[in-house]
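Residue numbers (my numbering): 10 to 140. Presented below is the structure to which this report refers.
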Amino acid sequence: MKALLLSALVVMLCGCVGAPVVTNAEALSPDELNRRSTELDGAGVVVRGYLVHEAEASGLWDSKAAEEKGEVSKCVSLLYPDSIPQNVIRANRKEVVVRGVFRKDVTANGGLFLGLCNYSGVIVNSVDGQG
Numbered sequence: 010m011k012a013l014l015l016s017a018l019v020v021m022l023c024g025c026v027g028a029p030v031v032t033n034a035e036a037l038s039p040d041e042l043n044r045r046s047t048e049l050d051g052a053g054v055v056v057r058g059y060l061v062h063e064a065e066a067s068g069l070w071d072s073k074a075a076e077e078k079g080e081v082s083k084c085v086s087l088l089y090p091d092s093i094p095q096n097v098i099r100a101n102r103k104e105v106v107v108r109g110v111f112r113k114d115v116t117a118n119g120g121l122f123l124g125l126c127n128y129s130g131v132i133v134n135s136v137d138g139q140g
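See the structure below:
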């Protein structure tokens, strides 16, 4: 039993090795993610932005103005690995902090993607509203 618990602990800790802890204050913008896409591809990230989650659009923008102007370089698409959390639906068109894994091309492994604002995106782990 002890060996099983130790094995589980090692597996959990291996996922954290080399992953820096990023606070909300150090959160990146969608624009910065896109400018650093090669460097950050596959990295755990914290991103602050304006959330749009609607039937034909799912993205995190630098600002409401960037979304209204359609400045796609200032947007990252959002992918939810399971179901869409209720707090995401409630946070639509508000400033939020998103934690997840950044991919410079979310379509690289194939699949059906609707409503992307950009090929770059974040596979979402959590969304925190900012008020």
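Positions of the beta carbon are idealized from the N, C-alpha and C atoms, including for glycine.
Exposure label - residue i; buried when at least 16 CB within 10 Å
i: P39; result: buried
i: E76; result: buried
i: R112; result: buried
Segment limits, alpha helix (DSSP H) that includes residue i
i: V97; result: 95–99
Between the CA atoms of residue j and residue i - distance to the nearest angstrom
i: T47; j: S72; result: 23 Å
i: Y89; j: V61; result: 14 Å
i: A64; j: L123; result: 9 Å
i: V30; j: A52; result: With a pLDDT of 47 at V30, under the threshold of 50, the predicted position of this residue should be treated as unreliable, though the coordinate-derived value follows. Going by the C-alpha atoms only, they are around 12 Å apart.
i: V54; j: G138; result: 16 Å
i: D91; j: E41; result: 26 Å
N- and C-terminal bounds of the beta strand (DSSP E) containing residue i
i: V63; result: It is worth fixing the name first, because residue 63 is Glu in this sequence and not Val. Taken as a continuous stretch (DSSP letters only), the beta strand (DSSP E) holding E63 covers 53–63.
i: C84; result: 84–88
Residue i (DSSP reduced to helix, strand or coil)
i: N134; result: strand
i: E104; result: strand
i: V115; result: coil
i: A66; result: strand
i: D46; result: The sequence as given places Ser at residue 46; Asp does not occur at that position. Of the three classes helix, strand and coil, the one that applies to S46 here is helix, per DSSP.
i: L125; result: strand
Proximity to residue i [Cα-Cα], best of the options
i: L125; options: E80, V55, V105; result: E80
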